[in-house]
Amino acid sequence: MDNDKIDRIINKHRGKAGSLVQVLMEIQEENHWLPREVLEKVGEKLDVPLSRVLRIATMYKTFSLTPKGRHEIHICTGSACHVRGARRVLETVQDLTGIKPGETDSDSRFSLETVNCQGCCALGPVVAIDGKTHGRISPDEIADALKKYD
Amino acid sequence: MARINSAAELEELRKDIVSKRDAAKPCVAICAGIACLGPGNDRVISAFEEEIRKQSLEARVEIRATGCHGFCEKGPIAIIYPGEICYLQVTPEDVPEIVSQTIVGKKVIDRLVYTDPDTGEKAARQSEIPFYRNQMRLLTGNSTRINPKSIEDYLAIGGYAALAKALFEMKPDQVIEEIKKANLRGRGGGGFPAGSKWQTARNAPGEEKYVIVNAHEGEPGAFMDRALFTGNPHLVLEGLIIGAYAIGSHRGFIYTRHDTPQLRENIAIALAQAEEYGLLGENILGSGFNFNVEVHLDVGIFVSGESSALMRSIEGKAPEPRPKYIRTSVSGIWDRPSNLNNVETWANVPQIISKGSGWYGSIGTDRSKGTKLISLSGNICNTGVVEVPMGTPLREIIYGFGGGIPNGKKLKAVHFGGPMGGSIPESLIDSPLDFDVLAELGTSLGAGDMLVMDEDTCMVEMARYFLDFLSGESCGKCVPCREGIRQMLKILTNITKGKGKEGDIQLLEEIAGVAGEAALCSLGRSIAKPLYSVLKYFRDEFEAHIKEKRCPALSCQELAASGGAKEK
Ligand SMILES: Cc1cc2nc3c(=O)[nH]c(=O)nc-3n(C[C@H](O)[C@H](O)[C@H](O)COP(=O)(O)O)c2cc1C
Numbered sequence: 001m002d003n004d005k006i007d008r009i010i011n012k013h014r015g016k017a018g019s020l021v022q023v024l025m026e027i028q029e030e031n032h033w034l035p036r037e038v039l040e041k042v043g044e045k046l047d048v049p050l051s052r053v054l055r056i057a058t059m060y061k062t063f064s065l066t067p068k069g070r071h072e073i074h075i076c077t078g079s080a081c082h083v084r085g086a087r088r089v090l091e092t093v094q095d096l097t098g099i100k101p102g103e104t105d106s107d108s109r110f111s112l113e114t115v116n117c118q119g120c121c122a123l124g125p126v127v128a129i130d131g132k133t134h135g136r137i138s139p140d141e142i143a144d145a146l147k148k149y150d
Numbered sequence: 151m152a153r154i155n156s157a158a159e160l161e162e163l164r165k166d167i168v169s170k171r172d173a174a175k176p177c178v179a180i181c182a183g184i185a186c187l188g189p190g191n192d193r194v195i196s197a198f199e200e201e202i203r204k205q206s207l208e209a210r211v212e213i214r215a216t217g218c219h220g221f222c223e224k225g226p227i228a229i230i231y232p233g234e235i236c237y238l239q240v241t242p243e244d245v246p247e248i249v250s251q252t253i254v255g256k257k258v259i260d261r262l263v264y265t266d267p268d269t270g271e272k273a274a275r276q277s278e279i280p281f282y283r284n285q286m287r288l289l290t291g292n293s294t295r296i297n298p299k300s301i302e303d304y305l306a307i308g309g310y311a312a313l314a315k316a317l318f319e320m321k322p323d324q325v326i327e328e329i330k331k332a333n334l335r336g337r338g339g340g341g342f343p344a345g346s347k348w349q350t351a352r353n354a355p356g357e358e359k360y361v362i363v364n365a366h367e368g369e370p371g372a373f374m375d376r377a378l379f380t381g382n383p384h385l386v387l388e389g390l391i392i393g394a395y396a397i398g399s400h401r402g403f404i405y406t407r408h409d410t411p412q413l414r415e416n417i418a419i420a421l422a423q424a425e426e427y428g429l430l431g432e433n434i435l436g437s438g439f440n441f442n443v444e445v446h447l448d449v450g451i452f453v454s455g456e457s458s459a460l461m462r463s464i465e466g467k468a469p470e471p472r473p474k475y476i477r478t479s480v481s482g483i484w485d486r487p488s489n490l491n492n493v494e495t496w497a498n499v500p501q502i503i504s505k506g507s508g509w510y511g512s513i514g515t516d517r518s519k520g521t522k523l524i525s526l527s528g529n530i531c532n533t534g535v536v537e538v539p540m541g542t543p544l545r546e547i548i549y550g551f552g553g554g555i556p557n558g559k560k561l562k563a564v565h566f567g568g569p570m571g572g573s574i575p576e577s578l579i580d581s582p583l584d585f586d587v588l589a590e591l592g593t594s595l596g597a598g599d600m601l602v603m604d605e606d607t608c609m610v611e612m613a614r615y616f617l618d619f620l621s622g623e624s625c626g627k628c629v630p631c632r633e634g635i636r637q638m639l640k641i642l643t644n645i646t647k648g649k650g651k652e653g654d655i656q657l658l659e660e661i662a663g664v665a666g667e668a669a670l671c672s673l674g675r676s677i678a679k680p681l682y683s684v685l686k687y688f689r690d691e692f693e694a695h696i697k698e699k700r701c702p703a704l705s706c707q708e709l710a711a712s713g714g715a716k717e718k
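Sequences listed follow chains A and B, in order.
Each residue of the first sequence is one higher than the last, beginning at 1 in my numbering.
Each residue of the second sequence is one higher than the last, beginning at 151 in my numbering.
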């Protein structure tokens with residue numbers, strides 16, 4: 001991620017309440033993960049010790065300290081999706097990709113995360129791949145869908 | 151857009167907006183909510199735009215991308231006004247026909263209207279569809295009638311009149327008195343009386359005070375706050391400004407989810423528009439009252455919806471709760487008095503101020519007043535958001551609005567309140583929707599998320615599931631919660647794998663007891679609630695798992711060897 005962009009984000013929030021969380025979030029949204037150097041830079045610029053930056057960056061689930069794969073799979077394991085069989089869907093994806101939630105495969109093809117509830121329970125079980133929602137999906141259908149991503 | 155400088159100018163503006171509008175002008179209201187996005191409401195909206203351009207109808211037809219219509223099961227939904235013709239499961243391919251047949255030709259397309267699955271009867275108008283017919287949509291009714299990105303739409307239906315009334319006709323204490331008399335109770339889970347909280351914040355020493363909207367909505371299966379706030383952001387904002395005036399606060403915060411772009415956008419637009427009209431900022435409506443609002447985003451951890459954790463998060467710190475010897479209404483953000491209420495709580499305020507506490511008190515039960523938004527999910531035919539008066543029997547919600555259980559299955563239990571709530575069995579569904587009744591039954595109304603479970607659901611597995619959920623959400627600050635969840639989860643996981651031992655239930659109860667007494671916040675103190683409710687109503691299922699290594703619902707896979715599971 002280039003320095004100008006980071007500077008722009010930091011300058012936008014500098015001096016405002018709660019700026020650290022907001023800055024990290026915008027960088028995460030742009031860059032999909034938070035490299036160590038970026039965290040150091042944010043700490044310096046906002047005058048926050050690195051230990052506190054790390055504490056925030058490791059606590060909130062949205063932040064990732066490792067690079068993501070080309071395709072991000074988010075499987076909803078909220079209660080409604082759970083009673084509609086989300087576990088089987090998750091198991092299928094784990095089997096096919098060989099990774100567990102929080103991991104990225106060695107080819108950097110897929111990253112897998114579970115999420116709590118996307119608020120679209122009518123579509124449960126729900127899987128989002130690169131932000132595209134696949135609703136009312138069965139283990140077979142998700143297996144098919146994954147083939148389309150390389 | 152000119153500033154409005156008095157109550158009279160507000161009324162004039164409203165009349166002016168209404169007079170320039172033609173009630174007979176056709177309008178398509180398309181749900182732009184999140185559940186309709188999956189099946190393609192964005193493509194439906196573009197298709198309407200394109201078709202209307204093609205037929206050169208831009209000047210004669212309005213397209214309105216609205217908040218959630220509630221009937222998520224049948225999305226994408228498009229309602230065509232003025233006839234209120236409601237089309238369900240609309241695809242982009244249907245759009246040309248809708249434009250020429252219904253918008254231009256005023257004819258109903260039979261194939262797209264609601265058909266009752268039992269009787270085959272059709273219902274073309276939204277208000278005739280059983281899902282909507284018996285609701286009392288005081289808070290959500292306007293969501294299909296206004297464009298959430300247009301403050302003029304909100305002003306046209308009388309928006310901000312309650313604020314004008316509060317500012318010019320009532321003293322702050324009178325506003326608080328009205329909210330107290332209405333007995334408005336918090337919609338975020340606790341059911342705490344809003345009026346007394348406001349009073350505490352008002353009375354707390356200090357010049358600088360804050361008011362906050364809790365739009366975190368972290369409970370799984372809860373999606374009504376997003377529906378309401380996305381669909382009618384000014385309603386929540388008006389409630390917040392009235393509250394700020396009553397409490398004596400000049401700075402407000404909206405704490406909401408980072409992962410819902412429509413909601414973020416609609417809030418940002420609403421704030422900017424309100425400021426331009428002088429409904430936010432300095433000297434609001436010429437009353438001399440000043441108030442500003444800023445938006446803060448949560449970044450995805452359940453505990454950050456808890457009051458003290460939320461306030462830490464707004465300060466830019468890790469969202470860890472603190473013990474509540476001193477309430478946040480006395481010492482919250484930067485140790486200043488901070489009054490936090492849920493989205494739906496704030497949204498109730500304008501109508502109480504306009505119509506009075508007497509009117510409000512006539513709706514609901516003895517101690518639970520007004521309406522409640524319920525998000526129905528799980529094994530239910532109609533997943534969606536319904537708004538019903540407090541006191542509505544749960545049976546009516548499940549069968550009347552929810553349409554019952556799909557695939558011919560039997561109802562087993564309903565669960566309220568997510569990981570801090572509890573389940574009650576089918577035999578108790580004639581109970582009314584009421585804060586205190588549900589608490590007595592061992593569950594909790596929670597945010598109003600109602601998870602319906604059919605006979606194939608294993609209740610032991612559900613107790614395990616909620617602890618598993620919490621294991622990723624506890625902040626880890628206090629031991630009873632952090633370690634309690636871990637140990638309980640281990641025991642429960644073993645039980646669902648057929649490795650349960652004699653004495654497990656007692657051990658679970660013991661750990662749960664300690665967490666319930668000693669944890670710092672309500673998250674830790676409630677971790678055992680789902681478990682307790684399952685032990686209370688479904689103890690035999692537990693014993694079957696432990697003693698007979700059998701899953702009566704045939705759901706636990708590891709018990710399959712003994713003929714205990716089947717594919718779902
Ligand atoms: C772990 C935890 C999570 C919570 N999450 C939310 C939430 O997402 N939204 C909400 O309004 N209240 C939530 N609450 C309740 C808040 O602490 C607080 O009671 C509420 O926002 C006050 O508003 P009310 O009185 O209007 O309900 C949560 C509480 C706990 C303990």
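For each residue, glycine too, the CB sits at the ideal point set by N, CA and C.
Note that this is a predicted model, so its numbers are computed, not measured.
Bridge partners for residue i per DSSP, in chain order?
i      : result
B/D599 : B/S525
B/Y237 : B/A228
A/F110 : A/H71
B/N489 : B/V361
B/K519 : B/G514
B/L670 : In DSSP, B/L670 forms no bridge with anything.
B/T252 : Looking at the DSSP assignment, B/T252 forms no beta bridge with any residue, so it has no partner.
A/I129 : A/I73 and A/K132
Do you know whose CA, among the options, lies nearest residue i's CA?
i      : options                           : result
B/P771 : B/N191, B/I502, B/K257 and B/K627 : Nothing in the structure corresponds to residue 771 of chain B, since chain B is present only between 151 and 718.
B/I184 : B/Q324, B/G233 and B/P411         : B/P411
B/A459 : B/W348, B/D606, B/V443 and B/L490 : B/L490
B/A422 : B/V445, B/H408 and B/D618         : B/V445
B/H366 : B/L685, B/R193 and B/L378         : B/L378
B/I574 : B/C671, B/S437, B/K347 and B/S594 : B/S594
B/S479 : B/D244, B/T241, B/E369 and B/K359 : B/K359
B/P556 : A/R84, A/K100 and A/H74           : A/R84
B/N191 : B/K170, B/I229 and B/E162         : B/I229
B/S206 : B/V254, B/R214 and B/L160         : B/V254
A/V115 : B/C222, B/L289, B/R164 and B/P370 : B/P370
A/L34  : A/H13, A/S106 and A/A57           : A/A57
Measuring only the C-alpha atoms, how far is residue i from residue j?
i      : j      : result
B/S705 : A/V93  : 20 Å
B/G568 : B/R545 : 19 Å
A/A143 : B/G450 : 28 Å
B/W496 : B/P232 : 30 Å
A/A145 : B/Y237 : 29 Å
B/E208 : B/E415 : 25 Å
B/G796 : B/K686 : As shown, chain B starts at 151 and ends at 718. That puts residue 796 of chain B outside it, with no answer to give.
A/M25  : A/V53  : 12 Å
B/R486 : B/E456 : 17 Å
B/L591 : B/F688 : 14 Å
A/R55  : A/F110 : 27 Å
A/R136 : A/I129 : 14 Å
B/G188 : B/H695 : 38 Å
B/L681 : B/A662 : 9 Å
B/L262 : B/D303 : 28 Å
B/G220 : B/K299 : 19 Å
A/G131 : B/A665 : 38 Å
Verify the contact flag: residue i, CB atom, against every heavy atom of ligand 2, threshold strictly below 7 Å.
i      : result
B/G356 : Inclusion of ligand 2 in the displayed structure is not the case, the ligand content consisting of ligand 1 alone.
Since residue i contacts residue j with CB under 8 Å, what's their CB separation in whole angstroms?
i      : j      : result
B/V443 : B/G402 : 4 Å
B/I417 : B/P383 : 5 Å
A/L46  : A/I10  : 7 Å
B/S512 : B/M540 : At roughly 12 Å, the Cβ-Cβ gap does not stay under 8 Å, so B/S512 and B/M540 are not in contact.
Please give the ranges of any alpha helix (DSSP H) in the segment 576–664 of chain B, keeping only runs that are unbroken, at least 4 residues long and fully inside the region.
Every unbroken stretch of the alpha helix (DSSP H) spanning 4 or more residues and falling wholly within the segment 576–664 of chain B is given here in chain order: 585–590, 609–621 and 629–646.
Pick out the complete alpha helix (DSSP H) segments inside the segment 163–235 of chain B, 4 residues or longer, and give them in chain order.
With a minimum length of 4 residues, the unbroken runs of alpha helix (DSSP H) contained wholly in the segment 163–235 of chain B fall at 184–187 and 191–204.
Which parts of the segment 315–394 of chain B are runs of the alpha helix (DSSP H), unbroken and 4 residues or longer, counting only runs that do not cross its ends?
Runs found: 322–332, 344–353 and 374–381.
Please specify which runs of the beta strand (DSSP E), each continuous and at least 3 residues long, are wholly inside the segment 440–490 of chain B, giving them in chain order.
Segments of the beta strand (DSSP E) lying fully in the segment 440–490 of chain B: 442–448.
List in chain order: all unbroken alpha helix (DSSP H) runs of 4+ residues lying wholly within the segment 286–310 of chain B.
Qualifying alpha helix (DSSP H) stretches, in chain order: 301–306.
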